[in-house]
Every structure is written in structure tokens, then in C-alpha cells.
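Last residue of the sequence shown: number 115 in our numbering, and the count goes up by one each step with no gaps. Heads up, the beta-carbon is just placed ideally off N, CA and C, and yes, glycines get one too. Shown next, in C-alpha cells, is the structure this report addresses.
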Amino acid sequence: MRFFLLIILVVLLVVLATITAGCRSENGDDTPDVNSEAECNSDGDCATAGCSGQLCVKAEDAAGIITTCEYKEEYRCLQLTSCGCNDGSCGWAQTDEYISCLKDYQKK
8 MRFFLLIILV VLLVVLATIT AGCRSENGDD TPDVNSEAEC NSDGDCATAG
58 CSGQLCVKAE DAAGIITTCE YKEEYRCLQL TSCGCNDGSC GWAQTDEYIS
108 CLKDYQKK
């Protein structure tokens, strides 16, 4: 009976080790893999810039960006979206509300 319990314990440990090994990243540690060629890897890597906050750029570049101070009506649409990392590039989230708003201003 003890031998049988020992075998079950060993099998459970092997299964547990296999499952937790799948949680490791490709670089062999517990940190998430980062795409070094991407402009961004998370929303925190991006920030708004420009006099009217109309640009979505890499956070490290945002403070140094200077634009003309003009306000366009379509900038109101930016309230319907967020600046973040989209497929490795900083940009505005293409929400249905945001796209619809932009289309309304393009008609004018």
C-alpha cells in the first residue's frame, strides 16, 4: 500500500513540474517575453503628446515632442478612446465609438 501511495506521489510531482515548466518564458525565467523590435510592449510604454494631446507616442519621447497649438473639432473624439500599445505600436484604440465619431467629422 505504501509503495502504491509513493508511486502516486511521484506521478503528481512529475505532472506539477511539467505544468509549472510551461509557465516559464522562452528566455528561461519568470519574466514575460519582450519583443525588442516593437515600439511598445504594454500600454504604459505609450503616452499622449502634442499641444492638444492629439498624438499617441512612446512615453519616453512624449515630453520632447512639440506641435503647433491648434484645436480641431475631431480631437473631441479622443475622449472616446485611449492611447496604448496596439500590436507593438503606440496608437489610439480603435473603438467603435471613436471610429464613428471620426467618420462624423469627416462628413463635415
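Spatial distance of C108 from A100 (CA atoms): 13 Å
Buried or exposed for A45, going by 16 or more other Cβ atoms inside 10 Å? exposed
Anticipated Cβ contact below 8 Å, A66 with C58, distance rounded: 18 Å between Cβ atoms; not a contact.
Would you identify the three-state DSSP class for S107, choosing helix, strand or coil? helix
With DSSP run on the structure shown, which of helix, strand or coil describes G91? strand
Classify A70 as buried or exposed, calling it buried when 16 or more other Cβ atoms lie within 10 Å of its own Cβ. The residue in question, A70, is exposed, as its Cβ has fewer than 16 Cβ neighbours within 10 Å.
Which residue from Q61, D103, C90 and T74 puts its Cα closest to that of S49? A check of alpha carbon separations from S49 across Q61, D103, C90 and T74 identifies C90 as the nearest.
Applying the criterion that 16 or more other CB atoms from any shown protein chain within 10 Å of the CB defines a buried residue, is C76 buried or exposed? The residue is exposed, with fewer than 16 neighbouring Cβ atoms inside 10 Å.
Rounded to a whole number of angstroms, what is the C-alpha to C-alpha distance between S96 and Q61? 16 Å
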